[in-house]
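Everything below concerns the one structure shown next.
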Amino acid sequence: MSLLSSYYLPGLSVEDHAIDVPLDWRGTSPAQLAGATSAPSSPFAEASAAERCDPAFEGRSLRLFYRVLCAPENVGRDLPYLVFLQGGPGGAGPRLTSPTSDGWVAEAVRHFRVILPDQRGTGRSGRVDATTIAREGDAAAQARLLKRFLADSIVRDFEYLRLSELGGARWVTLGQSYGGFLTLTYLSTFPGAARASFTCGGIPHVPASADEVYGRTFGRMVAKTNLLYERYPEDEKRVALLADRLAAGPALALPDGSPMTVRRLQALGQGLGMKPGHERLHNLLDLAFVAGDGSADATLAAAGGNAAAVAVSDAFLAGAWETTNVRANPLYWVLQELIYADGELARPIAWAAERAWLSRPEFATDARPLMLTGEACFPWMFDQMPELAPFSGAMDVLMRDTSFGRLYDEAQLAANETPLTAAVYFDDLYVDSGLQLDTLARVGASHAWVTNEFEHDGLHGDRVFKHLLELARDRGDLDGVL
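Counting from 1, one number per residue, gives the positions in the sequence shown under UniProt numbering.
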């Protein structure tokens, strides 16, 4: 392995590694690059390897960074590998302080050597941000680059890591959210490379459709918003007064100078699919106003009944910015809708979430009660958010594009023999449980655990992964692994 450093965190032995991977995998394959004489692949993986690399990317590579963890008592033991497929898109691997700082890790290091990659474009793996995208030239060149940071490239990075650094040892995969999308791409592209797979809140619908996803998401956002107002009736009044103040002017600025608008206020709902998302938002709204006792009625009375005169607190504006900015991971919004682009599209994605928003009058900025939006990107973000504005031209190109890499091989998934155990959260805001179950019904060797006890982030507690591991073990899916 290409070891950079080794050290200990409390309760963890850690090794940092990095390897070089091609920026554009077309024209080669992980097996070819690793010199592996026999490695699993699917027909469309082989077709991609036969394509020509983009001349602009010929010879260009990036560093793929990953960490290997184990419990201190397991150092030197030949434990199987588990690779974590991070959620996102655009999310780096978790930065831990101990085994309990991300709930699943403590159980995982009891049984595995855990690999935490930074997916390409994130963390220390060829990070893409406003500075790096500007170096690519015009919007068309930037768009071509960004297409190289989707799942078809990510799974090839991981397969090359497995072949070149782990001697081709078959590993176990664990995918959280978008990591579940990566899981099905991996099982489609490199069948047999994994000995077992686990996903949490992350089975995409196959065939993929951004319109279908957002057509369902906005209905669930109505329910999540109404739940906030039912639990905390004062928050309905606070949100309405904030919206009236923002609509009436004068303009308010967030800490980075971007405008605080009603659309950005609505975007505070993106955390309502996590626990304790409703409580976090309630606590932020609790600090919204300067005058009076913090209630909407007292605040409006102190402003003489004039919404334009309402004083909004700096604490609220700072919290709203922290909640909605993606300075640390701009690819989260840049790639958000592109993760549904599988192969040759019948029509461009063309801002699917914005179309869904426009089709639902209850989400209008002047509607009351004001509905909040969830995990959805919109054109206004690339006009108003400084960390996203440099991507605006590329997004215009990408939203008109209809040609992307292949993600899912339905025939291969139907013939899948890798045991797949999926946690499906019945009330999942972001990944529709009905669509997940429809896909799983057509994936071989798959098993769903359906629960309404957890929200989308259930894996980050200490119970979900342990339960999935026990389910797989008791079925015999981990024979020869554990």
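Virtual Cβ for every residue (Gly too), placed ideally from N, Cα, C.
None of these values were measured; they are calculated from a predicted model.
Test item: CB-CB of residue 484 and LEU227 under 8 angstroms: Here the chain comprises residues numbered 1 to 482, so residue 484 is not present and cannot be evaluated.
Best match in SER38, LEU79 and TYR178 for proximity to LEU163 [C-alpha to C-alpha]: SER38
Same chain only: Cβ atoms within 7 angstroms of TYR160, ignoring 5 sequence neighbours per side: VAL21, PRO30, LEU33 and ALA34
Every unbroken alpha helix (DSSP H) within the segment 187-258, with a cutoff of 4 residues, ordered by chain: 210-231 and 233-248
Residue span of the beta strand (DSSP E) that contains GLU15, given as start and end: 12-22
DSSP state of SER38 mapped onto helix, strand, coil: coil
Beta-carbon proximity of LEU459 to LEU372, cut-off 8 angstroms: no
As assigned by DSSP and simplified to three states, the class of PRO43: helix
Beta-carbon spacing of THR199, ALA441 below 8 angstroms: no
8 angstroms contact criterion, which LEU116 and PHE158 should meet: CB distance rounded: Not confirmed; about 12 angstroms, so no contact.
Separation of GLY434 from LYS466, as counted between CA atoms: 24 angstroms
Integer Cβ distance of residue 491 from SER13, believed to fall under 8 angstroms: No answer is possible for residue 491: the residues shown for the chain start at 1 and end at 482.
DSSP beta-bridge partners of VAL68: GLU15 and ILE115
Own chain residues within Cβ distance below 8 angstroms of PRO207, not counting five before or after: ASP342, TYR408 and GLU410
Counterpart residues of PHE84 in DSSP-defined beta bridges: LEU174
Given GLU375 as reference, the closest of ARG216, ALA296 and THR439 once Cα atoms are compared: ARG216
Residue range of the unbroken beta strand (DSSP E) whose run includes LEU4: 3-9
SER209 at chain C interface by Cβ criterion, 8 angstroms: As a matter of chain content, chain C is missing from the structure shown, which is built from one protein chain.
Residue of THR299, MET221 and ALA193 minimising C-alpha distance to ALA353: MET221
Straight-line gap, GLY219 to ASP427 (C-alpha atoms, nearest Å): 12 angstroms
Beta-carbon contacts of GLU51 that lie in its chain and below 7 angstroms, excluding the five residues immediately before and after: ARG26 and GLY27
Which residues DSSP lists as bridging LEU420, in chain order: SER197 and SER446
Segments of 3+ residues assigned as beta strand (DSSP E) that fall wholly inside the segment 122-176: 171-176
DSSP-derived helix/strand/coil call for TYR332: helix
Member of LEU254, PRO276, GLY304 and THR418 whose CA lies at the smallest distance from the CA of GLY319: LEU254
Bridge partner(s) assigned by DSSP for ARG63: ASP20
Given 8 angstroms, three or more beta-carbon pairs between the segment 390-407 and the segment 263-282: no
Simplified DSSP assignment, three categories, for MET260: strand
Nonlocal neighbours in the same chain, by C-beta distance under 8 angstroms from PRO361, ignoring five residues either side: ALA367
Rounded straight-line distance, which links the Cα of LEU174 to that of ARG195: 11 angstroms
Per-residue burial, ALA364 [other beta carbons within 10 Å of its own, 16 or more giving buried]: exposed
Alpha-carbon spacing of PHE57 relative to ARG113, whole angstroms: 34 angstroms
Beta-carbon proximity list for MET399, same chain, < 7 angstroms, skipping 5 on both sides: PRO348, ILE349, ALA350 and TRP351
Endpoints, alpha helix (DSSP H) assigned at THR323: 314-324
Counterpart residues of GLU344 in DSSP-defined beta bridges: SER403
C-beta atoms of ALA210 and TYR340 nearer than 8 angstroms: yes
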